[in-house]
Structure formats: structure tokens, C-alpha cells
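So the protein lines, in turn, are chains A and B. Using this note's numbering, you'd call the opening residue of the first sequence number 647 and step up by one each time. Using this note's numbering, you'd call the opening residue of the second sequence number 12 and step up by one each time. Here the structure comes first, spelled out in C-alpha cells, and everything after it is commentary.
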Amino acid sequence: MLSIQLVAGISLLYIALLFMVAYYADKKQEQGHSIISNPYIYSLSIAVYATSWTFYGSVGRAATTGLDFLLVYLGSSLTAFTWWFLLRKIVRISKENNITSIADFISSRYGKSQWLGAIITVIAMLGIMPYIALQLKAISTTFAIITGNRGIHLILKEGVSLAPPHPGFLAAIFLTIFSIVFGARHLVSSERHEGLVAAIAVESIVKLVAFLTVGIFVTYYLFSGFEDIFSQLSAKDRILYEHLTTLGTPGNISYMSWFSMFFLSMGAIMLLPRQFHILVIENSNEEHIKDAMWRFPAYIFLINIFVVPIAFGGVLISGSCRDADYFVLTLPLSKGHHWLALLAFLGGFSAAAGMVIVESVAISTMFLNHLVMPIIVKLTPRAWFPILLINLKRFGIFLVIFLGYIYYRIVGETYMLSNMGLISFAAAAQFGPALLGGLYWHRGNKSGAVTGLIFGFLIWFYTLLVPSFVKSGWWQSGLLENGPFGIEFLKPTELFGLTGFDIWSNSIFWSMFFNIGAYLACSIILPQDEVEKEQIGKFIDIFEIKKEEESWETKRFSKPVTIMQFVNLMAKFIGENQAHIAIAEYLGDGEIDERGGVSEFELPRLKRFTEKTLAGSLGAAASGAIVESFLSDLGSKMEPVYDIFSTVRAELSESREALSVRLRASGLMNRTIDLSIIMKDLLDLLRNEFKFDLAIIRLKQNNSLLTTVSYSGAEIPAILEREIVPDINTCIGDAYLSNKPRFINNTQHITKMESKELLERERIRSFAHIPIAREGEPPLGILSVFSRSIIGLFTQPFIDLLSSLAGQLAQAVQIDTEMSAKERERQQKERALLENARVAKEMEIARQIQLSLLPAVPPELARVKFAARCVSATQVGGDYYDFFRRGDDLVDIIIADVSGHSVGAAFIMVEARSFLRAKVHSTGSAGKMLATLNELLYEDLTKSELFITMFYVKYNAERQLLSYANAGHNRPFFYRPRDGHCSELDAEGLILGVKREVIFEEKSIQMQRGDMLLLYTDGIIEARNESGDFFGSDRLISIIGKAYNKEPEQVVETILMEVTNFTGSQVAEDDISLVVMKVL
Amino acid sequence: MKHKILTRISCYLNLKETWIIFFILGIIMMNYPFIHIFDTPRLIFGIPALFLYLFMGWMISIYVIYLFVKAIDLADEDKGERS
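See below:
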């Protein structure tokens, strides 16, 4: 017997040690290094399955009913074998959906049903009562044993002491405090408590070591090994020995009972709330599951090796099976090994405490999320909510433990430890059908789960819990013997007349029968709703979900919500800090436009993210309800998207209909190059396929306005005739300027006022403006589509389709523009060529006319010879010379040059010639001739801005008298052989066409034999050679000097030859005209 | 040697199907009628038959689980190499 202070002290010290481990682990996790994230710790933490039932109760059972204690572990060992498939799937789903508990998991699968979550929580809370009770019983009883059954006196003051409280009560209080400290210090958004897991792992080691130590002590110290114990018992009490080492009376009954317990333990290892919590929620890495698959069974194996020796040894030493539950403690104690007994106590205490802490934390999480939150959600979130929530969680822990305490008080003394535990196993088993069905059966639905659970629970309650109350005497009733109201058929332990089953098999059979039956029936008969179907995919097909998140939304928001509103909502429940961190992670490098909103297609994803984040703290059902109420407060509902292709749910890639539309569009764009036909056909196609009321193509014109070039559908002048100035205040202007599609799915919520009035007038419900542009180029126009009847028309895939059609259209427009430009160019060139040809022809005609006007042969007069030549330049020239015979001896000689090389110049010359011809016989002197000519031609010359230079000669061959007048022409050269040099003949006179009235000086000269006169135009002296030198009058003079005695014809030839030699390859710019006169 | 056996197992037999076989086997062997076979007070090596059967059987089953875990590891490695 040890002192109370020692035992209590060691126990508290031990808890403090565990707490330090937990604290250390939590700190490390905050720093980012998780010390518990390894497979050993994971496997050890699962061993929380071994509670004081394992520690004490197994021995008790082994000593009273035999080897069937082992079933609790054999079943769980076999279940461990399934973990790689089953558990991994559960873990994956739970991580993806931020699941917080088994109630969360099941309710989430069945459409985030709050009712389901609540039912499961109630079942868990009531079902776990016996289990907690057994831990409390174990602790208080072993405490009493080890301290010598002395009660605990609370000394308040000297002489005043309270009556010793029931030992279990203190245990309950302390365990409540420990549980709160380990698991409810603050609200964690992920419900992972690394510290708790570390503490549990340590605790598992402690209990294993303790049990093995006692086992080794008993087997090899008190006895001489296994065979020794068996043979001793066999010798001492054969009957008991046989009873314990076999299955007792032969027959199916025992086998049935065997199988029932086996079956129960298969379920319990995963379905007990604490097991689910440790296995799934606290799991940090799926890979650990692999190792746990064999490590956990190995642990259980080890801890069970010495159960039978200790049991048999206890029977042998104590002489009976009484209090067999506590042989582990009483054996060392009775042999005086107090420290070993203390170790054993510590082991048992550790096992019990571990179970209670984890179980109460797990269940209070469910309590908070599924019983409390649905009520809280109805209220407006306030600032003190986080504090309220954490305290409610603590209250939940208290509630769970004290329910267990109450059960302990009522039933505790009646049942052995292991039997109390089995009651809880049977309760946990009710979760099995709903869980497994939810994971593997697509049709499993909410109604099925709810009815199955309710039936199973009721049967369990009636066949196990109620009998325990009756048997303990708390409820005096003849229920067990006679059935309710005397109906024997409905006796709890032999329900529906099923006799011959033990209480467990009876209960399990009927509860499972009704549970599974109702689940199957309701799932098959009743339909599932939308949310459920969504969840089914997430749960059953979790391993097939591909990484691409892009899926066609089936819902859209009727009114846009901004990111900040979501963040504020989250902050109300998980605090500002956490909310901001979460949203920052979500956004990453996602798109936010300038107004802090996200694109309409992002909103459903954002809503789901918010739900998921909140679910970490509040459970999926509650968080779903919160977000829904938040949105409905804002006035934004989730409306179904208009399912334009009827295949929104089907594939992630584009549907066949969309492809066929694209194909048809391509076809009609390539069929013709007439743009107006293309546009009309395309618009008609869009209208027919998608039932738009109006579809318009606008193109940018040269004046930067967007005007309608083609439309299909209702004639709405207000829209059609608008000439759009691209302006950001209108939707269409916005689309054009930003080169992005702009669309409104519900015109009730449009914000641009200008557009809103117009749209309301015309009763347009939804519309879109798609820029017509090729990749990376500025838009050429806008494709607009309007619907008067449908809202929610424009989904991302649909907008993509329209954009790609607009892109093709842009291509067609571009091609058309280029082609028109080319056509214009070609036509211009053609015209230019024609023009040139025409002009050239005209010029040629003019030249021919002009040349034909020059005299073919010079006149023949006595004693004088003439020669004349005109060499025209490339263009029509303006040179003119003529001879007028006025009698036998009189001749007039003219040489003239019109300025400019044009047809006009040539015609002026023709006009002059006509005048001369008309006047030559009437007018007298040369000067007068020029004056008359000047007056006559003055107007025309002024109008055409041309000038004429002329040199007029009158020659009397009989008297050999030459008279002349000059109108600004080159002075002719006069050569007298006797003199041997050239002189110029000059007379005063203006160029013709300058003034209307001009007086021309007239001069005369007496010619002698051999005199030569050369009349020329400036084409000669201005002829250039390659180096740019002019021919010049000097050269001309020198030629005359050399050739004066030649015939005039030869003189002309000589001069021309010289000029040709001089100019070389240079093209003549001006006409060259020569008149040579020689007096014989 | 163990490695070779394991490789052969995972090559010839589909892991999932083998698993199902062993699982069902486990259920059968931990229940009637196998229990019935050992349901005698006879001693084997001085230890009650049922006791021995259960514990030995259990140990073997743990070892089978261990082998499976190793096979899964191998399969994952192969998958990792191939992908």
C-alpha cells in the first residue's frame, strides 16, 4: 500500500511530463518542424486503442471467460490490413475537404447534412458513455487498491472535512482539466493537435513497458514461464482450465458470440471517434499508413502476450476469479513489489487518461460543430464569437466526461470492464454502414444514412443500454424478463424472439439488420440532391480526380461579391490574421481586377474555398450554412448556369456541339470572300444556335467610330443606329478599349447607368460584347449579342467560343480589307498607265502636226539660196521657221521659238503661223508685222502664260536688201567673207506676249555677194555635252567661219554634225532649228 | 532472397487481388471452423492449442501484412521510376 500523496503525486508528475512533451511538440509545429510526423509516432498514437480495458479488462476477461478477450485485437489487426486502401482513401478525402471528425466526414459525404452530423454526434456522446465510465472505474478502483482503499479526505480547515467524494468524481474532474489543457487551449483551424499526438505516443510506450514488465515479472519471476503456468492451472482446477483455454460449451452459440466480438472490433478500430480522430484527422502523411499497417498490430500483439499468464497466475495466486480485472495491479502489490505496482498503476492510469483525453476532445469537436454551431449560425456573428466557441468546446469536453461519470455511477459496479467497453463498440459499429456505403456506393444517400443510423441507434439503445440500466438496478423493471408491456416478443435481449444469442450477438444482429436494411432501402428508393451528388464525386472518386481544377461551373452568382466581403466573413470566425493568411495563399498570382473583385467565373471557386477554410474550424455542414446565409444576406444566390450545351457536367473538354458550331463558322467563312455575306451568315448561325434576339457586328470606320455593318435579328434602331465612340463608360466601349470580352449575365445588376437605361427600355436581359481581333492585335470591331429572354447565358466556355469565332471573323475582315486595298492599288496603276499612254499619244500627234507645218523645201529665188532644218528634241518642241513668198523677188523669213515644251506651245505656234499667213501680204514692214502679231497673240499668250521669240526678215532679192526686226530672239549671225568675221544682226524689240502694244525697231542691211546669214534657235547653243558644257555661240561662229563657202545645205549638215559630235550621248533637251541664207 | 520473392509476387500477382484473398483468409482463419479445429484442451509444446494457434497465427498474419507493405513500396518505386 502506497500513500495517497505518493500515488497522486506521481500521477500528476506523469501528466505534467506528458504535457511538457505536448507543449514541446506544439511549439515545434508552430516553428514548422513537426516532430511527430513520422510513422513510428503515428503507429504508437493509434495504440490509444489500448485503454485500461486492455490493461486491466483483458486480464479480467481472460480469467473469467477465456480466450475471447483476444478478439478485440484480432479484429482490429485484420482491419489494419485494409488500411492502405480504406484508410488512405478516407485520409485523402478528409484532407481535401478539411474534415474535422467522423460526424463531419459522414455528414459531408451525404450532402453536408446538418441533421446527419447531429445524429452521429448524439450517438457518439451516448455511445461512448460506457467506455468513459470504464476508464473512470479503472482509475478509481486501482487508485483505491494501490492506496489501500482509503478514502480521500478533503481537509479544508482543521477539524472540518468533507465527506470523501466518490473516487470517480475526482478522476473525472482531473481528466476534464487534462483534456481541456491538451486539446482545447485554442481553436485550431485544422483540428490537428500535434502536442496531443506526441503525448499519446509517449503514453503508449509507457503502458506497453508497464504491462510487459508486469507480464515478465509474473511469468518468469513468480512462475517459470508459460508452460509452468498452464500446467499449474491445469493441475489445480481442470474444469476452469478447460473453460478458459477453449471456447467453453461447444456449439454455434459461442462461435456466434466469437464472431460478433470479432466483427465489433473490426469496426471499432476505425469507427470510435478517438480512433477516427487519430487515424484520419491527426494523420500528417499518407505514407505513414503503410507502416502503421503492421506496426500497430505488432504493438497490440506485444501488449497481449502476457495477458493469459497474468490472468492464470492471478487465479492461481489469489485463488479465485474475483477482481480479476485488477490482477495486473494486485499481483505485484501482493508480492510486495510496490514500485512495480506503482508502475502498473501508472500504466493503467496512462492508458485510461489517454483514452479519455482523446475521446473527449474528439467528441466535443463534434458537439461544437454539429450540435452547437447550427444554432449559432442563426445568430449574427459577433466579435466575441471565437471566445464563445472555445468555451463551448471546453464545455463539451466536460459534458462527455461527466456523462461517462454518471453512467459509471449507475452501472459501474454491475458490469465488468470489458463488457462496458463492448457496449460502446456496438454503438460505434452503427456508423459502419453509412461510412462504408458512403465510400464505395454511389447510390448511398442521405435519407438512407439517416434512417439507417436512427434505426441502428434505437436498437442499440434498446438492446444494450437499457438492459445495462435494468441490470444495474437503476431502472427497476421487468423489462428483461417479460419484455415491454409484457410483450415477450420484444424482450431487449431476445428481440423478435431470437433466442439463444448472447446479448452482443443479439444486439449486433438486429441493429445491423435494421441499419443496413434501412440504408439500402432508402438509398435505392429515394433520390439524391445536387449537393450530395457533388460530394459523391469528391468522396468515392477521390483517387480518380485529375489535377485540373477547371471544370464547368454549374452555378453562378446572381450578384457579384467581392473578395473583401469573403475575407471579412472568414475573419469573424477564425480571426483576421488567419483569414488574411488564407486568402493570400488562395490568391497567389490569381487575377484580381482593379476594383478588388474577381472575374465572375472565379466566384464559385472562391465560395468553395471560404467554405473549406471555415470548415476546418466549424465543420463542413456549419460552414456551408454560414456561407449560404451570408450570401443570401447580400442578395446573391447561386443560380444555375444556363446549360447551353446540355453537357456542362459531362466533359472537361469542349462539347461536341461547341465544336460543330466552330466547324460551321469556319466553313461559312471560307466559302466566300464576300465579307458582307460572311458576316450575315455568321450572325444568322449564332442566332439560330444560341437563340439570341439580336446579333450585331460593328467595325471601326475611318472616323474612329464603331458603326453597324451587319446584323441579324430584331430590328432595334436604338441599338443598331448608335455610332459608338469607344468610351470606357459604356460596356461596348470598355470591351473595345480593353480588347477583352465584356458581358452581363443579368442586366438587373448592371452598374453602367448609360447602358442600363437603354437596356431596360429594350428589355434586354443579358448581352455580351466580344472584340473582333486577331491574337495580339488591336480590335477591328465588336461582335455584340443580345438576349431578351435568358439570363446567366454567358459561361467561360461560351465566351471562349464566341471569342474564337470573333477571332476568325477578324481574320476575314482583315483579309477583306487587304484585298480591297490591293484592288484599289491595281486600279490606280492601271489608270496611271492608261493616262500615260494617252498623254504620250497626244504628244505624238501634236509633234506630227507641228512637223508637218514646217516648210518642206525652202523657196527658190534668184541669186540666193536657202537651207533650213529643224531637229526636234524628245518632246514636242516650240521651234518654228517659215518662208513667205510675196512676189518674185520678195520673201519673208521667220524663225521663232515658243517657251515651254508642250502641246499648248505647239498650238500657239500654229496659231501664229495662221496669223502670219493671213497678214503677210497686207502688212508692210518687218517691225509692223511683229507689232501686229504681238497684238493679235497677246491675249492667248497671256492666258497660256507662254512667250514667243521671233526674228522677222524681209529680203528683196532684186535689190539684195535685207530688213529685219527682232522680238527677243537669238541674234542671227551674219558673215561677210571679205570681213572674215561674224557679226550679229540686232534690233530692239520685246518678246511677244509681254505687252500688248510694242514698237519693234526695224533695220536694214545691204547684202553682197557671198554673204551668209544664219538664223537659229537657242537649242544649238544650249546643247550640252557629257561634262555639262554648252555648245555656245563661239563654237557656232567658228564653224561658220570654216564653212562659209559651202552650200547652205552643207553648212546646215556641218553644224548639225558638230552639234551631234559635241553632245555625244547626251539627249537633246531643246529643238534645234537652223535657217541658212547665202547670197550668190 | 526475400527481395526476389517479393518481386516475383508483385510481378505475377496483382497486388489488389492478392490482398483480397488474404483478407478473406484472415477472416476465415480467425473464426469458425478453424477455431473449432483447435478448440481442444490439448497441449502443443506445453501450451494450450487454441492459445498457440491464435498467437502464432496472429504473428504470421502480422508478418504477411509486413510483406504486403514491402510489396506496396516496391510497386510504388516501380511506378515512380516509370513515370
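Idealized CB from N, CA, C, for every residue including glycine.
Checklist entry - Residues of chain A with CB under 7 angstroms from M70(B), in chain order? => result F947
Checklist entry - Which bits of chain B does M939(A) rub up against, with CB to CB less than 7 angstroms? => result I76 and V80
Next on the checklist: Using beta carbons (cut-off 8 angstroms, strictly below), is T1441(A) in contact with chain B?
Outcome noted: no
Next on the checklist: Would L61(B) pass as an interface residue toward chain A - the criterion being a Cβ-Cβ separation below 8 angstroms?
Outcome noted: yes
Checklist entry - If you draw a straight line from the alpha carbon of E1408(A) to that of E932(A), how long is it in whole angstroms? => result In a straight line, the C-alpha of E1408(A) is about 59 angstroms away from that of E932(A).
Checklist entry - Between the Cα of T1060(A) and the Cα atoms of R1655(A), E1581(A) and K783(A), which residue gives the shortest distance? => result K783(A)
Checklist entry - Under three-state DSSP, which class holds T787(A)? => result helix
Item to check | Cβ contact (3+ pairs, closer than 8 angstroms) linking the region 942 to 957 of chain A and the region 853 to 869 of chain A | outcome: yes
Checklist entry - Between A770(A) and chain B, is there a C-beta pair that is closer than 8 angstroms? => result no
Checklist entry - Is the region 1587 to 1597 of chain A close to the region 1644 to 1654 of chain A, with three or more CB pairs under 8 angstroms? => result By the Cβ criterion, the region 1587 to 1597 of chain A is not in contact with the region 1644 to 1654 of chain A, since fewer than three pairs of Cβ atoms, one from each stretch, lie closer than 8 angstroms.
Checklist entry - So, helix, strand or coil for L658(A), using DSSP? => result helix
Checklist entry - Straight-line CA distance for A1492(A) to T1463(A)? => result 43 angstroms
Item to check | Per-residue contacts from I35(B) into chain A (C-beta, under 8 angstroms) | outcome: From the beta-carbon of I35(B), no residue of chain A is found nearer than 8 angstroms; the closest lies around 10 angstroms away.
Checklist entry - Going by C-alpha distance, which of F1031(A), M1001(A), A998(A) and A999(A) is nearest L1014(A)? => result F1031(A)
Checklist entry - Can you tell me the Cα-Cα spacing of Y702(A) and L1063(A), whole angstroms? => result 8 angstroms
Item to check | Cβ separation of T1663(A) and I1541(A), assumed to be a contact under 8 angstroms, to the nearest whole Å | outcome: The C-beta distance from T1663(A) to I1541(A) rounds to 7 angstroms, short enough to fall under 8 angstroms.
Next on the checklist: Using C-beta distances below 7 angstroms, list every residue in its chain close to Y1086(A), excluding the 5 sequence neighbours before and after it, in chain order.
Outcome noted: I1186
Checklist entry - With a Cβ-Cβ cutoff of 8 angstroms, do S1169(A) and G1090(A) count as a contact? => result yes
Next on the checklist: With a threshold of 8 angstroms between beta carbons, is V864(A) in contact with chain B?
Outcome noted: No, because no Cβ of chain B sits closer than 8 angstroms to the Cβ of V864(A).
Next on the checklist: Using CA atoms only, rank isn't needed, just tell me which of K853(A), S880(A), V1046(A) and Y777(A) is closest to I1753(A).
Outcome noted: Chain A is shown from 647 up to 1726; residue 1753(A) falls before or after that span and cannot be answered.
Next on the checklist: Within a Cβ cutoff of 6 angstroms, which residues of the same chain sit near I1718(A), ignoring the five residues on either side of it in sequence?
Outcome noted: V1517, G1665 and I1666
Next on the checklist: Could you give the first and the last residue of the continuous alpha helix (DSSP H) run that contains L1280(A)?
Outcome noted: A1266 to L1280
Checklist entry - What does Y1749(A) reach in chain B if we use C-beta pairs closer than 8 angstroms? => result There is simply no residue 1749(A) to check, as chain A begins at 647 and stops at 1726 in what is shown.
Next on the checklist: Check whether the region 57 to 72 of chain B and the region 710 to 727 of chain A are in contact - that is, three or more C-beta pairs closer than 8 angstroms.
Outcome noted: Contact holds: three or more Cβ-Cβ distances are below 8 angstroms.
Checklist entry - Ordered along the chain, which non-local residues of its own chain (more than five positions away) have a Cβ less than 6 angstroms from that of M708(A)? => result Note on identity: in this sequence residue 708(A) is Ala, with Met being the wrong assignment. For A708(A), where only same-chain residues beyond five positions count, the Cβ hits under 6 angstroms are F715, V953, V954 and A957.
Checklist entry - Buried or exposed: T1706(A), going by 16 or more other Cβ atoms within 10 Å of its Cβ? => result exposed
Checklist entry - Is I83(B) closer than 8 angstroms to L26(B) when the C-beta atoms are compared? => result yes
Checklist entry - Taking DSSP as the reference, what is the three-state secondary structure of Q1606(A)? => result coil
Checklist entry - Is DSSP giving T746(A) helix, strand or coil here? => result coil
Item to check | Neighbourhood of H839(A) by C-beta distance below 6 angstroms, restricted to the same chain and skipping five residues each side | outcome: Only G829 meet the Cβ criterion.
Next on the checklist: Closer than 8 angstroms is the cut-off here; do at least three beta carbon pairs connect the region 1464 to 1473 of chain A with the region 1524 to 1539 of chain A?
Outcome noted: They do not touch, by the three-pair rule.
Next on the checklist: On the CB-based measure, 16 or more other CB atoms within 10 Å of its CB, does M1012(A) come out buried or exposed?
Outcome noted: buried
Checklist entry - Do I1227(A) and S1263(A) come within 8 angstroms of each other at the CB atom, strictly closer than that value? => result no
Checklist entry - For the candidate residues E1248(A), I1188(A) and L713(A), whose alpha-carbon lies nearest to that of L1233(A)? => result Nearest C-alpha to L1233(A): E1248(A).
Checklist entry - Which of helix, strand or coil does DSSP assign to D1716(A)? => result D1716(A) sits in coil when the DSSP states are folded into three classes, being neither helix nor strand.
Checklist entry - Using a Cβ-Cβ distance under 8 angstroms, would F727(A) count as near chain B? => result yes
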